[in-house]
Each structure stands twice: as C-alpha cells, then as structure tokens.
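In my numbering, the protein residues as written are -9 to 150. Glycine included, C-beta positions come from ideal geometry on N, C-alpha and C. Keep in mind it's a predicted model, so treat the numbers as computed, not measured. Below you'll find the structure, written out as structure tokens, and then a few comments.
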C-alpha cells in the first residue's frame, strides 16, 4: 500500500475518499451505517450559515447558539438514494432545528430544511427514545435552506 499525502488533498477529495472507504466497509460487512463525519460537517455548516458559537462537546440539547442567540439543533442523515429513516431528537429544548440529508454514495448534500420548534412539535411522533421526525415529513415541511447549505458546503470543500 502506498502512503497517501492526506494533508495535500483538498477537502472534497477527502470526502470522496471517506465515501469510498465507507462503501468498502459495507461491502465487507464491517459496517452497515456511515460514519459520524457528516454530523460534524452538518454542525459546521450550520455555524457557517447562522454564525454564533458551538457549545462544548457532549452538549445534548442543542448544537449551536446562533448569532441571534437562538439554540439550534442540527440533525443529519447520510443514506443511500431512495432510503428513508427518522431524525431522532433527545428533546425539543431548542429554538430552531435543521435537518440535512447527505447521499451516502457521493457525500453530496441532498437537501436541508429548517424548522421553528413550534412547527417541529406538530411534525414529530412520540417515541421512548425521544421525538422522531420521519424523513418524508421532514423533507415536505419547514423552510427549504438547501441552496444556502450547499453553498456553505461547497466553500468548506473548496469547490466554487
């Protein structure tokens, strides 16, 4: 195996390499899900879009205090095309939520939606582990912020 100079790779190439490695883990039966990197990326994108500050690691109720002082919860899912799952919340103790869906095969940002917590309360289903938002309902509701998040994602990856 040759040594890759990972430091020399642009972030877009690192994301592509990550997606390829995840697919190979799946093909070999090592992993059935994508890694947590897209969750971290989603939080970073929300910070770029809304401004503000990230809380200390391990904060469960929210992922960002935005420039307006709102507590923002960011949920990401990285799934193959055509697959739907739930967005799982621990609680609804925040002001604004953002749900982001990435394509597992190519790490592209499929869509992003924003919800005021009052709207979200009407969309979630109760569950023992916390409120759940079905992906179809998530995509059909809220405010479409896909273009804004894609632009931030392109900047992060050094594209455009």
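Check whether the stretch 23 to 39 and the stretch 51 to 71 are in contact - that is, three or more C-beta pairs closer than 8 Å.
A contact between stretches requires three or more CB pairs, one per stretch, nearer than 8 Å, and the stretch 23 to 39 meets this requirement with the stretch 51 to 71.
Close-in-space but distant-in-sequence residues of the same chain around residue 57 (CB under 8 Å, 5 per side omitted)
Within the chain shown, numbered from 1, the residue matching residue 57 stands at position 67. Around residue 57: 40, 41, 42.
I'd like to confirm the pairing. Which residues does DSSP put opposite residue 105 in its beta bridges?
Taking the chain shown and counting its residues from 1, one reaches residue 105 at position 115. In the DSSP output, where bridge partners are listed per residue, residue 105 has 87.
Taking all protein chains shown into account, do 16 or more other C-beta atoms lie within 10 angstroms of the C-beta of residue 49, making it buried, or fewer, making it exposed?
Within the chain shown, residue 49 is the residue found at index 59, counting from 1. Exposed, by the Cβ-count rule.
Does the separation of the CB atoms of residue 99 and residue 55 fall below 9 Å?
Stepping through the chain shown from its first residue, residue 99 is reached at position 109. Stepping through the chain shown from its first residue, residue 55 is reached at position 65. Taking 9 Å as the Cβ cut-off, residue 99 and residue 55 do not qualify as a contacting pair.
Proximity winner among 85, 44, 89, 61, relative to residue 74 (alpha-carbon distances):
For this step, residue 74 is matched to residue 84 along the chain shown. With distances taken between Cα atoms, residue 74 lies closest to 89.
In angstroms, rounded to a whole number, what distance separates the CA positions of residue 86 and residue 107?
As a working note, residue 86 is residue 96 in the chain shown. As a working note, residue 107 is residue 117 in the chain shown. CA-to-CA, the gap between residue 86 and residue 107 works out to about 5 Å.
Who pairs with residue 93 in a beta bridge, going by DSSP?
What you label residue 93 is simply residue 103 of the chain shown in a count that begins at 1. Under DSSP, residue 93 forms a beta bridge with 69.
Compare the C-alpha of residue 126 against each of 13, 101, 141 and name the closest.
Working through the chain shown from its first residue, we reach residue 126 at position 136. Out of 13, 101, 141, 101 has the C-alpha closest to the C-alpha of residue 126.
Can you tell which of 95, 82, 59, 36 has its C-alpha closest to the C-alpha of residue 72?
Start at 1 with the first residue of the chain shown, and residue 72 comes out as number 82. Residue 72 has its Cα closest to that of 95, out of 95, 82, 59, 36.
Can you tell me where the beta strand (DSSP E) with residue 78 in it begins and where it stops?
The residue given as residue 78 occupies position 88 in the chain shown. Looking at the DSSP string, the run of the beta strand (DSSP E) that includes residue 78 is 76 to 78.
Pick helix, strand or coil for residue 54, following the three-state DSSP scheme.
Mapped onto the chain shown, residue 54 falls at position 64. Note: residue 54 maps to strand in three-state DSSP.
Going by beta carbon distance, what residues of the same chain come within less than 8 Å of residue 6, once the five residues before and after it are set aside?
Position 16 of the chain shown, counted from the start, is the residue given in the question as residue 6. Excluding residues within five positions, the ones whose Cβ falls inside 8 Å are 96, 97.
Give me the Cα-Cα distance between residue 12 and residue -7, rounded to the nearest whole angstrom.
Taking the chain shown and counting its residues from 1, one reaches residue 12 at position 22. Taking the chain shown and counting its residues from 1, one reaches residue -7 at position 3. Between residue 12 and residue -7, the C-alpha separation is close to 19 Å.
Helix or strand or just coil, what does DSSP make of residue 146?
Numbered from its first residue, the chain shown carries residue 146 at position 156. In the structure shown, residue 146 sits in a helix (DSSP, three-state: H, G or I).
Delimiting residues of the alpha helix (DSSP H) encompassing residue 60
Position 70 of the chain shown, counted from the first residue, corresponds to residue 60. Neither: residue 60 is in no alpha helix (DSSP H) and is coded neither H nor E.
Per DSSP, which residues does residue 133 bridge with? Please list them.
Working through the chain shown from its first residue, we reach residue 133 at position 143. In the DSSP output, where bridge partners are listed per residue, residue 133 has 104.
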